[in-house]
Every structure is written in C-alpha cells, then in structure tokens.
Amino acid sequence: MNIQWYPGHMTKAKRMMQEDMKLIDIVIELLDARVPISSRNPDIDVLASHKYRLVLLNKCDLADDKVTAKWEAYFKEKQIMAVTVNARDGKGMKNIITKIQEACKEKMERDRKRGILNRPIRAMIVGIPNVGKSTFINSFAKKSCTKVGNKPGVTKGKQWIRINKNVELLDTPGILWPKFEDDMVGEHLAFIGSINDEILQKTELSCELIEFLKINYPKCLSDRYQVDEEMKASDILERIAKNRGCLLKGNELNYEKAAGILLEEFRNGKLGKISIEQPV
Ligand code: G4P
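To convert, count from 1 in the sequence shown and add 647; that's our numbering.
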C-alpha cells in the first residue's frame, strides 16, 4: 500500500513533543481499542522513557468487549496501566484521575517527603491522528475545569488545563505518526478510517475486510447485507452493490460505492462491535 506522510510534519511534531516532554510527569497514550498494535508507535517508548505512563484504549464503543478485556489483561501482564474508555460519551473517564495518581504515586511520595505539597502532576496526551486526542481532552477537561494560562518559567504559549488540584493536562496533544513497517499496519488503519481513503484502493480494501469478517465475525455480513458468507469476497461486494442499488450510468454496478458503504458502516459500528487485532 502506497502511503505517504510528509517527513517535514513528522519531524516538527516529534521535535515539539520532545520539548513538551520536558514539562510533564506522565504520558497518556491513546490507542484505538480495535487496533491497539497498529495505532501504537513504539517510538514513544524512547521519547517517554523517563516518564510515567498510562495507556487508554479509546473508542471502546466500537470494539469487541471480549477482545478489549484481553487487551486489558495483556497490558496488565506487561505491568502497563491501561484503562478502557469512550472519549465521545465519557464512559470509563471517571477513573482516569485516580489512575494518573496511581501511576505517579512514587513521584507524589517523593515530593511529599521533600515537603512539596502543592505541585500538581502534569500530563500530556499522545497518539496517532484520529485516535481521539482532541475529543479526549475536551471530555476530560469538561467545563468545570479552569484553563491555566502561561506559567512563569514554563515555555511561553503553553496552555494547561487544571483537572483538579492534583492534575494538570497540557492542552495540546502530542502527535505520533503510525509506523508502517508492516503492511498489516497500513491495512488495519485503513479499515478503521485513519488513512485518507483517497489514497486507497477502496474495493481491494473492502474485500480484505470482507475476508476478515467472514473468518472472525461470522454472520455479521449475512445479517446486515443478506449475503451468503460462503461466497467469494468480490461476489459479496457485488451482492452489496445490487442490494443497495449502487449503479453507474448504464446500470453497471458501482463497486466503489458499495465498498464505501461497507467501510463506512463498519467504521460507524453498524456491523457490530468489532476488533481487528487481538493480543498474541
Ligand atoms: P485526534 O485529535 O486524535 O485527531 O482525534 P479526534 O479527537 O479529532 O477524533 C477523531 C474522530 O474520532 C472524531 O469523529 C471523534 O468524534 C471520534 N471519536 C473520538 N473518541 C471516540 C470514541 O470513544 N468513540 C467513538 N465512536 N468515536 C470517537 P469525527 O467523525 O471525525 O468527528 P465528529 O463526528 O465527532 O464531529
């Protein structure tokens, strides 16, 4: 798959993140619960090597609950604190302050021993584009939180949001870029709509998705599109095109449109709660 990011953007985003990293105690890494591997850039392990960490499995409303539970267990086993959330409706969010404090308890204890009692924990959100960083910040910050302006001694222009007396969040998230070392990553991010459809072969992609669904979520295609799942992926797509009246001029079937419908409905959760990646 030919996916191009602009190195200029990436370099700038990375440099900004490195600068912001100096200001914070804990990195909150947002992953997409449907694709926790592909939505993770392992560079963060180096970038945040001296920071406390918290992983959030976001968009849990779209992911398969059983698989998400497996991911929670996976991170727990690796001694990484992980919380499942839905940044859009706020589900799972009320625990986060406690988790942040839990993750940073060593620092809080150290501060306390030194007689520093009022220094809040500073946190930053990081994640790949479209994973829900802005939504999360808005939802976490709510209206009740006050924006804290520029602080003396702290880089000019940085906005902090006071979540409560113990936690402050950097208003601007850190952008990580997906790591396309494995073809699978590109495909999985394309399934969930994190890569611009313009640069993708929609029909090819939707056939890959059909193959995945046939194996992993039997009946989900037959229930929604009244198709026989024993058929080849391209025949299923043809059937979707017929059933949904996707036609070109001259009554030829419009596969591209059918592919678009399938991808859109999958991404919006209309095919059910579906996870693409499972822990191995
Ligand atoms: P980013 O800053 O990381 O780039 O992501 P952003 O918050 O802009 O979110 C990208 C899309 O993901 C938005 O949808 C947002 O509403 C959606 N989103 C974020 N968190 C969740 C979640 O937990 N569940 C679900 N289902 N969706 C979530 P959009 O269609 O681009 O915008 P809009 O329709 O919300 O306006």
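Glycine residues also receive a C-beta, built at the ideal position from the N, C-alpha and C atoms. Please read these numbers as outputs of a predicted model, since none were measured by experiment.
Beta-carbon separation (whole angstroms), residue i vs residue j, contact threshold 8 Å
{"i": "residue 711", "j": "residue 904", "result": "Contact doesn't hold; Cβ gap of about 28 Å is too wide."}
{"i": "residue 689", "j": "residue 826", "result": "7 Å"}
{"i": "residue 671", "j": "residue 702", "result": "Their Cβ separation, rounded to whole angstroms, is 16 Å, which puts residue 671 and residue 702 out of contact at 8 Å."}
{"i": "residue 867", "j": "residue 910", "result": "That pair is no contact at about 14 Å."}
{"i": "residue 686", "j": "residue 778", "result": "6 Å"}
{"i": "residue 853", "j": "residue 823", "result": "So it is not a contact: roughly 27 Å between Cβ atoms."}
{"i": "residue 754", "j": "residue 699", "result": "7 Å"}
{"i": "residue 856", "j": "residue 913", "result": "6 Å"}
Neighbourhood of residue i by C-beta distance below 7 Å, restricted to the same chain and skipping five residues each side
{"i": "residue 811", "result": "744"}
{"i": "residue 897", "result": "none"}
{"i": "residue 722", "result": "702, 729"}
Strand pairing of residue i, partner residues [DSSP]
{"i": "residue 770", "result": "673, 816"}
{"i": "residue 701", "result": "675"}
{"i": "residue 889", "result": "Looking at the DSSP assignment, residue 889 forms no beta bridge with any residue, so it has no partner."}
{"i": "residue 785", "result": "In the DSSP output, where bridge partners are listed per residue, residue 785 has none listed."}
{"i": "residue 917", "result": "According to DSSP, residue 917 bridges with nothing at all."}
{"i": "residue 596", "result": "Summary: the structure shown does not reach residue 596, with the chain confined to residues 648 through 927, and so no result is reported for it."}
{"i": "residue 738", "result": "733"}
{"i": "residue 943", "result": "Within the shown structure, residues of the chain are numbered from 648 to 927, placing residue 943 beyond reach of any answer."}
Chain-order list of residues whose beta-carbon lies under 8 Å from that of residue i (same chain, five-residue window excluded)
{"i": "residue 784", "result": "772, 808, 816, 818, 820"}
{"i": "residue 908", "result": "887, 891, 893"}
{"i": "residue 691", "result": "674, 676, 773, 823"}
{"i": "residue 849", "result": "903, 906, 907, 910"}
Between the CA atoms of residue j and residue i - distance to the nearest angstrom
{"i": "residue 731", "j": "residue 886", "result": "36 Å"}
{"i": "residue 881", "j": "residue 922", "result": "22 Å"}
{"i": "residue 669", "j": "residue 713", "result": "37 Å"}
{"i": "residue 847", "j": "residue 899", "result": "22 Å"}
{"i": "residue 877", "j": "residue 861", "result": "8 Å"}
{"i": "residue 674", "j": "residue 681", "result": "21 Å"}
{"i": "residue 656", "j": "residue 851", "result": "29 Å"}
{"i": "residue 813", "j": "residue 775", "result": "27 Å"}
{"i": "residue 733", "j": "residue 708", "result": "6 Å"}
{"i": "residue 737", "j": "residue 746", "result": "15 Å"}
{"i": "residue 838", "j": "residue 830", "result": "13 Å"}
{"i": "residue 865", "j": "residue 875", "result": "11 Å"}
{"i": "residue 902", "j": "residue 676", "result": "37 Å"}
{"i": "residue 895", "j": "residue 718", "result": "43 Å"}
{"i": "residue 705", "j": "residue 924", "result": "14 Å"}
{"i": "residue 762", "j": "residue 768", "result": "15 Å"}
{"i": "residue 879", "j": "residue 871", "result": "17 Å"}
{"i": "residue 715", "j": "residue 739", "result": "13 Å"}
{"i": "residue 665", "j": "residue 694", "result": "7 Å"}
{"i": "residue 756", "j": "residue 696", "result": "20 Å"}
Cβ-based burial, residue i [other Cβ within 10 Å; buried from 16]
{"i": "residue 749", "result": "exposed"}
{"i": "residue 915", "result": "exposed"}
{"i": "residue 927", "result": "exposed"}
{"i": "residue 720", "result": "exposed"}
{"i": "residue 663", "result": "exposed"}
{"i": "residue 835", "result": "buried"}
{"i": "residue 742", "result": "exposed"}
{"i": "residue 679", "result": "buried"}
{"i": "residue 841", "result": "buried"}
Own chain residues within Cβ distance below 6 Å of residue i, not counting five before or after
{"i": "residue 766", "result": "758"}
Residue i: CB within 7 Å of a non-hydrogen atom of the ligand ZN
{"i": "residue 685", "result": "With respect to small molecules bound, the structure shown includes the ligand G4P and not the ligand ZN."}
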